[in-house]
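Reviewing the structure listed below.
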Amino acid sequence: GAVVSQHPSRVICKSGTSVKIECRSLDFQATTMFWYRQFPKQSLMLMATSNEGSKATYEQGVEKDKFLINHASLTLSTLTVTSAHPEDSSFYICSARDAVAGRPYTQYFGPGTRLTVL
Amino acid sequence: QKEVEQDPGPLSVPEGAIVSLNCTYSNSAFQYFMWYRQYSRKGPELLMYTYSSGNKEDGRFTAQVDKSSKYISLFIRDSQPSDSATYLCAMSYGNNRLAFGKGNQVVVIP
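Residue numbers (my numbering), protein chains in the order written: chain S, 37 to 154; chain V, 1204 to 1313.
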């Protein structure tokens, strides 16, 4: 089956630093990747849609200058949390959409990255 | 992001029982309806998807959609301890985006 990896799986950083999270589709090409944030016992909240070779589309209320997204290739998207603060601590999950299959349900999720900002 | 309602209360059932989960929604523009399973500190895994009203079966799992009532359900028959996880409903809308419910933590007791 389709595999999506995320790196790192867990990161702890000091307030004010920037953290980069990578999302890779390992065995398929993904023209579109999505970034979600999940707080404990809460739903996955879509943050942004990452399109290969173009600017990301951010959901309402998500600061694009704080959450920088780059989708430089068909298998890699990165999310950089700039000047992280304790309220940014969360579980960040990416998903990758199969470029060939083309259905909404053909999104494969990564294992997530636990970010803790001290 | 469109709103999806899923009562997040935990659910404990004895092994072999039927697990019944449901979600409601208000937006008629939702197109596909999915159920995901998520283990602790892991990403969601797609269980089932449906498009039209009616039932869809896959082994011990049945997904049900009622578009007129804006209500979807997931049933797990003959539940097993390995079914213990959080179950999330999700619905697709513009540009292949997904709106998720809060999830139900299910515990199947041996």
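Backbone N, C-alpha and C define an ideal beta-carbon position, used for all residues, glycine too.
* What residues from the stretch 72-91 of chain S come within 9 Å of chain V, judged by C-beta to C-beta, listed N to C? -> Tyr-72, Gln-74, Lys-77, Gln-78, Ser-79, Leu-80, Met-81, Leu-82, Thr-85
For this session: Drop a sphere of 10 angstroms on the beta-carbon of Asn-1314 (chain V), count the other beta-carbons inside from all chains shown, and report buried for 16 or more, exposed for fewer.
Result: It is not possible to answer for residue 1314 (chain V), since the shown part of chain V is limited to 1204 through 1313.
Any residues in the stretch 119-139 of chain S with a beta carbon nearer than 9 Å to a beta carbon of chain B? Which ones, in chain order? Of the protein chains in the structure, S and V, none is chain B.
Nonlocal neighbours in the same chain, by C-beta distance under 6 Å from Thr-68 (chain S), ignoring five residues either side: Here residue 68 (chain S) refers to the residue found at position 32 when the first sequence is read from its first residue. Cβ neighbours of Thr-68 (chain S) beyond the five flanking positions: Asn-87, Arg-133.
query: The beta strand (DSSP E) with Val-39 (chain S) in it runs from where to where?
result: Sequence index remark: in the first sequence, residue 39 (chain S) carries index 3 (1-based). Counting along the chain, Val-39 (chain S) falls outside any beta strand (DSSP E), and DSSP gives it neither H nor E.
Next item on the list: Give the secondary structure of Glu-1218 (chain V) by DSSP, where H, G and I count as helix, E and B as strand, and everything else as coil.
Entry: Indexing the second sequence from 1 puts residue 1218 (chain V) at position 15. In the structure shown, Glu-1218 (chain V) sits in coil (DSSP, three-state: anything other than H, G, I, E or B).
Taking Cβ positions, are Asn-1287 (chain V) and Val-1310 (chain V) nearer each other than 7 Å? For the purposes of this step, residue 1287 (chain V) is taken as the residue at position 84 of the second sequence. For the purposes of this step, residue 1310 (chain V) is taken as the residue at position 107 of the second sequence. Note on residue identity: the sequence assigns Ser, not Asn, to residue 1287 (chain V). Yes; because the gap between Cβ atoms is below 7 Å, this pair is in contact.
Neighbour flag for Gly-146 (chain S) against chain V, beta carbons, 7 Å | Taking the first sequence and counting its residues from 1, one reaches residue 146 (chain S) at position 110. Yes - at least one Cβ of chain V is within 7 Å of the one on Gly-146 (chain S).
- [ ] Determine the DSSP secondary structure at Ser-1231 (chain V), reduced to helix, strand or coil.
- [x] Looking up residue 1231 (chain V) in the second sequence gives position 28. Correct three-state label for Ser-1231 (chain V): coil.
heavy atom of the ligand SAH below 6 Å from Pro-147 (chain S) C-beta:
Absence of the ligand SAH from the depicted structure is noted, as is the absence of any ligand whatsoever, leaving it without description.
Does the CB of Arg-1300 (chain V) have a neighbour CB from chain S at under 7 Å? Residue 1300 (chain V) sits at position 97 when you count from the first residue of the second sequence. It does; some Cβ of chain S falls within 7 Å.
| request: Work out the CA separation of Val-55 (chain S) and Cys-1292 (chain V) for me, nearest whole Å. | output: As a first step, residue 1292 (chain V) is located in the second sequence; it is residue number 89 there, counting from the start. As a first step, residue 55 (chain S) is located in the first sequence; it is residue number 19 there, counting from the start. So the two alpha carbons sit approximately 30 Å from each other.
Discussion item. I'd like to know if the stretch 1256-1269 of chain V and the stretch 37-57 of chain S are in contact, where contact means that at least 3 CB-CB pairs between them fall below 8 Å.
Written reply: no
- prompt: In whole angstroms, what separates the C-alpha of His-43 (chain S) from that of Ser-1271 (chain V)?
  reply: To locate residue 43 (chain S), count along the first sequence from 1; it is residue 7. To locate residue 1271 (chain V), count along the second sequence from 1; it is residue 68. Computed Cα separation, rounded: 42 Å.
* Asked: How would you list, in chain order, the residues of chain S whose beta-carbon sits under 7 Å from the beta-carbon of Tyr-1252 (chain V)?
  -> Position 49 of the second sequence, counted from the start, is the residue given in the question as residue 1252 (chain V). Correct list: Tyr-141.
**Request:** State the DSSP-derived secondary structure class of Gly-1262 (chain V), mapped to helix, strand or coil.
**Result:** As a working mapping, residue 1262 (chain V) is identified with position 59 in the second sequence. Coil at Gly-1262 (chain V), not helix or strand.
field: Where Ser-1285 (chain V) sits in the DSSP three-state scheme
entry: As a first step, residue 1285 (chain V) is located in the second sequence; it is residue number 82 there, counting from the start. In the structure shown, Ser-1285 (chain V) sits in a helix (DSSP, three-state: H, G or I).
Where Asp-124 (chain S) sits in the DSSP three-state scheme: Within the first sequence, residue 124 (chain S) is the residue found at index 88, counting from 1. In this structure, Asp-124 (chain S) counts as helix in the three-state DSSP scheme.
State the beta-bridge partners of Asn-1225 (chain V) as determined by DSSP.
Within the second sequence, residue 1225 (chain V) is the residue found at index 22, counting from 1. Note: Asn-1225 (chain V) sits in a beta bridge opposite V:Ser-1276.
(request) Can you grab the Cα-Cα spacing for the pair Leu-82 (chain S) / Ile-1312 (chain V), in whole Å? (result) Within the first sequence, the letter at position 46 stands for residue 82 (chain S). Within the second sequence, the letter at position 109 stands for residue 1312 (chain V). Cα-Cα distance, rounded: 33 Å.
**Meets three-Cβ-pair contact criterion under 8 Å: the stretch 1250-1260 of chain V and the stretch 1211-1220 of chain V** = no
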